[in-house]
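In order, the protein sequences belong to chains Z and C. Residue numbers for the first sequence follow my numbering, beginning at 1 and rising by one. Residue numbers for the second sequence follow my numbering, beginning at 424 and rising by one. Note that CB positions come from ideal geometry on N, CA and C, so glycine has one too.
Number of protein chains: 2
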Amino acid sequence: MKHNPLSQKAQRTGPPPISWIMKTTLENPDIISLAAGFVDQETLPTSGVLSCCRRILEEDVRGKAALQYGTTIGHAGLRESILNLLVEEEGMSQAKNKGTPDNVVVTTGSQSFLYLVTDVLVDPGDVVIISDPSYFVYMGILEGVGADVRGVPMEDDGMSIDGVRRIVEQLRTEGKLERLKLIYVIPYSQNPSGITMSGKKRKELFGLVQETRKEAPVFVLEDCAYRELRYYGEQVAPIKLLDTENDSVIYAGTFCKPFSAGLKTGYGILPEELLGPVLHQKGNLDFGSSNFTQCIIDEAIRSGEYKRHRITVCEGYKTKLKVMLDALDEFAPAQMRWVVPQGGLYVWAAAPESIDTGREGELFNNAVSKGVMYIPGEFCFCPEPGRQKPRNWMRLSFGVESRDNLREGIRRLVEAVEETLAG
Amino acid sequence: MKHNPLSQKAQRTGPPPISWIMKTTLENPDIISLAAGFVDQETLPTSGVLSCCRRILEEDVRGKAALQYGTTIGHAGLRESILNLLVEEEGMSQAKNKGTPDNVVVTTGSQSFLYLVTDVLVDPGDVVIISDPSYFVYMGILEGVGADVRGVPMEDDGMSIDGVRRIVEQLRTEGKLERLKLIYVIPYSQNPSGITMSGKKRKELFGLVQETRKEAPVFVLEDCAYRELRYYGEQVAPIKLLDTENDSVIYAGTFCKPFSAGLKTGYGILPEELLGPVLHQKGNLDFGSSNFTQCIIDEAIRSGEYKRHRITVCEGYKTKLKVMLDALDEFAPAQMRWVVPQGGLYVWAAAPESIDTGREGELFNNAVSKGVMYIPGEFCFCPEPGRQKPRNWMRLSFGVESRDNLREGIRRLVEAVEETLAG
């Protein structure tokens, strides 16, 4: 007699799609990957990071402090720098937003922050509203905690607020409104759709949440992973800035995309009520992320290295995005369409409707045999029971590959689409 | 109407004792802290780490790879180096132990590994056996997952194996044996008692677990945080080496204590059956720890810097331990006793029996007002319902303070003990 040793959570947690993507990449080493969400290899700041390491480690007291344990909440200097960036770039203010470094928690990438917040709020059966499509790694977290996930369609200016309202009403009818915990939004260049939420919708969503909070313990979880990667359009302030009571919006940010993924440092800004519970949980999880990488990022911000680097990074991605869009314009058949993003790392594209872009579909195999890979849209749509997911979408990343490869990748992909169409 | 937004897990998770310790330290900045489990500030390897950073970042391809995302399981080179160290130092072998780099998972400190493993195995009400006293931060994890924690007394040569056997029998009687998931052991210089488990007991425990696994999905979780910090006595091989099928022992290790806490890098070696579930969970948690700090540690190991540093660290701690023991010999009254450890960072000491060492007790206040702090033993004993915890123990750390401060700290502590005795 041997029982299953795994916890309920572990039994709910399947292999992430990313393992399969990595496996396919390893098996096809020469493939052009429009799948990976990695950052641009060429622009990674080796000399900038080395200068920071030198300045930190060549000063004895400072160097030793950096190599010692830090605190659970994170490095005090970095938390101050994070807030200063948001003050300077977005007009956040301590007076209006009750934002102080004491509300900022530094984590091992923003993923770890999303995980902590979700673990602290969501029990099996609790409801989380997400846009449809959404970030598939976050959907993995939701699957693990056993959330009741409800999807809301994306529109050209962000997730449908009417859609959110309908779900709230439906939950009220079901008697489940009090179990609504989170509305998960990626307001900047959403992963995977590339869509940026308009200021109007941010306000509408915030207003709806204020109304709903009279009946439900719900928070907005605003994942701003791509806030710093904007190449076109006007900057729109984070939803967090509307939260003048600091009681209903959770902000998640990261230095992985705009600076260096290898330093794996993200952060969150928490409403007062959640600060204690998240810190207690993080006390158990790791009682503090790497102090050294936090010191490096703080030094990069304070020395100006971070801002200089961001300009370089954004210029690089802007060019790459243009290369991808130009190649789509040049090669794609008339039945293909795609969303032109203002920033981020992805172009969300639809193959002709008859094509199944899924991992078991004909297109994916054709594409791989031509030497190009993408993320099948099926990973990004909500897993609501009984639904028929759209079959013909793909997430195309312009983050990793060179400009030449991006053009060649799109050429191959379109060739695979045409071959699949021809049957 | 506003409902509690927190998950069951968050509701179970209280503030860790460490927050209170840090608060007391901050409020008393000149205090001599025999409480903090931090590592020795003086020996932190600033120049060694800087050399590693240089070698990594000055090579363009290598530097960029280090600043890119890594993989969920961790840096391949480092996982190989970790295994090589265990092969060389403990005689682990691929043939005998089925240990390959594919069983090694790198985490954000070993704490994060302990958290992941516990989350993946333990549901509320599942049973975990720990030694009594034990590591209080791990007890926080167990509280969070809602484990049914059963304590086993420590003896001079490690946790009582008869005690474990009695609990197994009791669980069988209760019909709960199938819910026994983990036996948590700190075999080297245990936190807080300083006791190293004998080779005989390691074998007995392993044998008992093999027997019990016929009826229960139980694993040994062997936390080897202090394996590398040995100053006296003979090296005893980890329990993991007995696990020739790689199916029942989970090994947790760390580079925080023997190298640098600020790099916050730990690891675990997993039985085959748990590798997938832990990696899936880590995929959701952070999809990989900092790649850069992993590259630094790998470079430190391969260049010999790590081993050289460990010798320095162990010499430093050995001297400090001697200073603390000498001061106890010199100052302590006859009714005080303490355990002489072979390694680690702590001396476990008992005040005279009439004294309550707890945070609300008279001794603690007297000690703080004399400018010295310790960890009250009450944090370290099992929280089994209805039990009367021993009241007079203290954990004294010799890790952080200078030799002069250690001697002065013990002098003050003894003064506080004598004053408290005098009433």
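Next item on the list: My understanding is that Z:TYR188 touches Z:ARG230, with C-beta atoms under 8 Å, so please give their C-beta distance in whole angstroms.
Entry: For the purposes of this step, residue 188 of chain Z is taken as residue 188 along the first sequence, with counting starting at 1. For the purposes of this step, residue 230 of chain Z is taken as residue 230 along the first sequence, with counting starting at 1. Contact flag correct, Cβ pair sits at about 7 Å.
Check: For the region 632-645 of chain C, which residues have a beta carbon sitting closer than 9 Å to at least one beta carbon of chain Z?
Finding: Contacts with chain Z (Cβ-Cβ distance below 9 Å) from the region 632-645 of chain C involve ARG636, LYS637, GLU638, ALA639, PRO640, VAL641 and PHE642, listed in chain order.
Notebook entry, point to check: Any beta-carbon of chain Z closer than 8 Å to the one on C:PHE715?
Noted result: Here residue 715 of chain C is taken as the residue at index 292 of the second sequence, counted from 1. It does: the Cβ of C:PHE715 has a partner Cβ on chain Z nearer than 8 Å.
Notebook entry, point to check: Start and end of the beta strand (DSSP E) containing C:GLY689?
Noted result: Here residue 689 of chain C corresponds to residue number 266 of the second sequence, with the count starting at 1. Residue range 689-692 is occupied by the beta strand (DSSP E) that includes C:GLY689.
Checklist line | Status (buried if at least 16 other CB within 10 Å, exposed otherwise) for Z:LYS214 | finding: Your numbering for residue 214 of chain Z matches position 214 in the first sequence. So Z:LYS214 counts as exposed.
Next item on the list: Please confirm whether C:GLU842 and C:ASN789 have their CB atoms less than 8 Å apart.
Entry: Walking along the second sequence from the start, residue 842 of chain C turns up at place 419. Walking along the second sequence from the start, residue 789 of chain C turns up at place 366. Yes, the pair counts as a contact, with Cβ atoms nearer than the cut-off.
Checklist line | C:ALA755 and C:VAL837 closer than 8 Å at C-beta | finding: Mapped onto the second sequence, residue 755 of chain C falls at position 332. Mapped onto the second sequence, residue 837 of chain C falls at position 414. At the C-beta level, C:ALA755 and C:VAL837 come within 8 Å of one another.
Notebook entry, point to check: Which residues of chain Z have a Cβ atom closer than 9 Å to the Cβ of C:PRO438, listed in chain order?
Noted result: Numbered from its first residue, the second sequence carries residue 438 of chain C at position 15. Within 9 Å Cβ-Cβ: GLY276, LEU279, HIS280 and GLY283.
Next item on the list: Tell me, please, whether the CB atom of C:PHE461 is closer than 8 Å to any CB atom in chain Z?
Entry: Residue 461 of chain C sits at position 38 when you count from the first residue of the second sequence. The beta-carbon of C:PHE461 is placed less than 8 Å from the nearest beta-carbon of chain Z.
Item checked: Cut-off 6 Å between Cβ atoms - residues of its own chain near C:ALA433, not counting five sequence neighbours on either side -> For the purposes of this step, residue 433 of chain C is identified with residue 10 of the second sequence, where counting begins at 1. Within the same chain, C:ALA433 has no close Cβ partners at all.
Note to self: Could you compute how far the alpha carbon of Z:VAL61 sits from the alpha carbon of C:ILE496?
What the structure shows: Reading the first sequence from its first residue, position 61 is the one you call residue 61 of chain Z. Reading the second sequence from its first residue, position 73 is the one you call residue 496 of chain C. Cα to Cα, the separation comes out at about 34 Å.
Check: For the candidate residues C:ALA757, C:PHE536 and C:GLU450, whose alpha-carbon lies nearest to that of C:THR677?
Finding: Sequence index remark: in the second sequence, residue 677 of chain C carries index 254 (1-based). Closest by alpha carbon: C:PHE536.
Notebook entry, point to check: Out of curiosity, what's the CA-to-CA distance linking C:ASP827 and Z:CYS314?
Noted result: Here the question's residue 827 of chain C lines up with position 404 in the second sequence. Here the question's residue 314 of chain Z lines up with position 314 in the first sequence. If I take the Cα positions, the gap works out to 54 Å.
Checklist line | Cβ neighbours of Z:VAL122 in the same chain (closer than 6 Å, five flanking residues each side left out) | finding: For this step, residue 122 of chain Z is matched to residue 122 along the first sequence. Cβ within range, chain order: VAL145, ALA147 and LYS181.
Item checked: Among C:ILE618, C:PRO661, C:LEU467 and C:GLU592, the one whose alpha carbon lies nearest that of C:TYR655 -> If you number the second sequence from 1, residue 655 of chain C lands on position 232. Residue C:ILE618 is the option with its Cα nearest to C:TYR655.
Note to self: Counting only Cβ pairs nearer than 8 Å, list the residues of chain C close to Z:SER303.
What the structure shows: Position 303 of the first sequence, counting from 1, holds the residue named residue 303 of chain Z. Chain C residues near Z:SER303: none, gap ~16 Å exceeds 8 Å.
Next item on the list: Flag Z:SER248 as yes if its beta-carbon sits less than 8 Å from any beta-carbon of chain C, otherwise no.
Entry: Taking the first residue of the first sequence as position 1, residue 248 of chain Z is located at position 248. No, Z:SER248 does not count as interfacial toward chain C.
Checklist line | C-alpha distance - Z:VAL368 paired with C:ALA459, whole-angstrom precision | finding: On the first sequence, residue 368 of chain Z is found 368 positions in, with the first residue counted as 1. On the second sequence, residue 459 of chain C is found 36 positions in, with the first residue counted as 1. Distance from the CA atom of Z:VAL368 to the CA atom of C:ALA459, rounded to whole angstroms, is 55 Å.
Check: Z:PHE42: which of Z:TYR317, Z:TYR69 and Z:ASN392 sits nearest, CA to CA?
Finding: Counted from its first residue, the first sequence places residue 42 of chain Z at position 42. Strictly speaking, residue 42 of chain Z in this sequence is Glu, with Phe absent from that position. Considering only alpha carbons, the answer is Z:TYR317.
Check: What's the C-alpha gap between Z:MET1 and C:PRO640?
Finding: Counting from one through the first sequence, the residue named residue 1 of chain Z turns up at place 1. Counting from one through the second sequence, the residue named residue 640 of chain C turns up at place 217. Only weak support is given to the placement of Z:MET1: the predicted model assigns it a pLDDT of 44, under 50, and the question is left unresolved by the model.
Next item on the list: Check whether the region 302-313 of chain Z touches the region 246-263 of chain Z, counting contact only when three or more Cβ pairs, one atom from each stretch, lie closer than 8 Å.
Entry: Yes, the region 302-313 of chain Z is in contact with the region 246-263 of chain Z.
Next item on the list: For C:ALA750, I'd like the list of residues in its chain whose CB is within less than 7 Å of its CB, leaving aside the five on either flank, ordered along the chain.
Entry: Taking the first residue of the second sequence as 1, we reach residue 750 of chain C at position 327. Closer than 7 Å at the Cβ level, and outside the excluded window around C:ALA750, lie LEU829, ARG830, ILE833 and ARG834.
Margin query: Rounding to the nearest angstrom, what Cα-Cα distance links C:TRP771 and C:VAL572 in this structure?
Written below: Within the second sequence, numbered from 1, the residue matching residue 771 of chain C stands at position 348. Within the second sequence, numbered from 1, the residue matching residue 572 of chain C stands at position 149. When rounded, the distance between both Cα atoms is 22 Å.
Notebook entry, point to check: Which whole-angstrom value describes the C-beta separation of Z:PRO192 and Z:TYR346, a residue pair presumed to lie in contact below a C-beta threshold of 8 Å?
Noted result: Taking the first residue of the first sequence as 1, we reach residue 192 of chain Z at position 192. Taking the first residue of the first sequence as 1, we reach residue 346 of chain Z at position 346. Between Z:PRO192 and Z:TYR346 the beta-carbon gap is near 5 Å, inside 8 Å, which marks them as a contact.
Next item on the list: With a 10 Å radius around its C-beta and 16 neighbouring C-beta atoms as the bar for buried, classify C:THR667 as buried or exposed.
Entry: The sequence position of residue 667 of chain C within the second sequence is 244, counting from 1. So C:THR667 counts as exposed.
Check: Can you name the residues of chain Z whose CB is closer than 8 Å to the CB of C:PRO468?
Finding: Taking the second sequence and counting its residues from 1, the one referred to as residue 468 of chain C is at position 45. Here the neighbours are LEU67.
Note to self: Excluding the 5 residues flanking Z:GLY140 on each side, which residues of the same chain have their C-beta closer than 7 Å to its C-beta?
What the structure shows: Sequence index remark: in the first sequence, residue 140 of chain Z carries index 140 (1-based). Closer than 7 Å at Cβ, skipping near neighbours: PRO16.
Next item on the list: Report yes if the C-beta distance between Z:HIS309 and Z:GLY125 is below 8 Å; otherwise report no.
Entry: On the first sequence, residue 309 of chain Z is found 309 positions in, with the first residue counted as 1. On the first sequence, residue 125 of chain Z is found 125 positions in, with the first residue counted as 1. Contact check for Z:HIS309 against Z:GLY125 fails: the beta carbons are separated by 8 Å or more.
Next item on the list: Measuring alpha carbon to alpha carbon, tell me which of C:SER820, C:ASP721 and C:LEU506 ends up nearest C:VAL478.
Entry: The residue you call residue 478 of chain C lines up with position 55 of the second sequence. The question names Val, but residue 478 of chain C in the sequence shown is Arg. C:ARG478 has its Cα closest to that of C:ASP721, out of C:SER820, C:ASP721 and C:LEU506.
Check: Any chance the region 516-536 of chain C sits against the region 693-702 of chain C, with 3 or more Cβ pairs inside 8 Å?
Finding: The region 516-536 of chain C and the region 693-702 of chain C touch, with no fewer than 3 CB-CB distances between them shorter than 8 Å.
Item checked: Any non-hydrogen atom of the ligand NAD closer than 7 Å to Z:ASN284 Cβ -> As for the ligand NAD, it is missing from this structure, which has no ligand bound.
Next item on the list: For Z:ASP119, count neighbouring C-beta atoms within 10 Å of its own C-beta (all shown protein chains included) and say buried if the count is 16 or more, exposed if not.
Entry: By 1-based counting over the first sequence, the position of residue 119 of chain Z is 119. Label assigned to Z:ASP119: buried.
Note to self: Restricting to Cα atoms, I'd like to know which of C:SER713, C:LYS812 and C:GLY766 is closest to C:HIS498.
What the structure shows: Here residue 498 of chain C refers to the residue found at position 75 of the second sequence. Of the candidates C:SER713, C:LYS812 and C:GLY766, the one whose C-alpha sits nearest the C-alpha of C:HIS498 is C:SER713.
Note to self: Distance check for C:LYS705 and Z:THR13, CA to CA, integer angstroms please.
What the structure shows: Within the first sequence, residue 13 of chain Z is the residue found at index 13, counting from 1. Within the second sequence, residue 705 of chain C is the residue found at index 282, counting from 1. In this model, Z:THR13 and C:LYS705 are separated by some 10 Å (Cα to Cα).
Notebook entry, point to check: Which residues in the same chain as Z:THR312 place their Cβ atom closer than 7 Å to its Cβ, once the five residues preceding and following it in sequence are excluded?
Noted result: Sequence index remark: in the first sequence, residue 312 of chain Z carries index 312 (1-based). Counting only residues of its own chain and dropping the five nearest sequence neighbours on each side, Z:THR312 has a CB closer than 7 Å to the CB of THR43.
Notebook entry, point to check: Mapping DSSP to helix, strand and coil, what is Z:THR254?
Noted result: The residue labelled residue 254 of chain Z in the question sits at position 254 within the first sequence. Note: Z:THR254 maps to strand in three-state DSSP.
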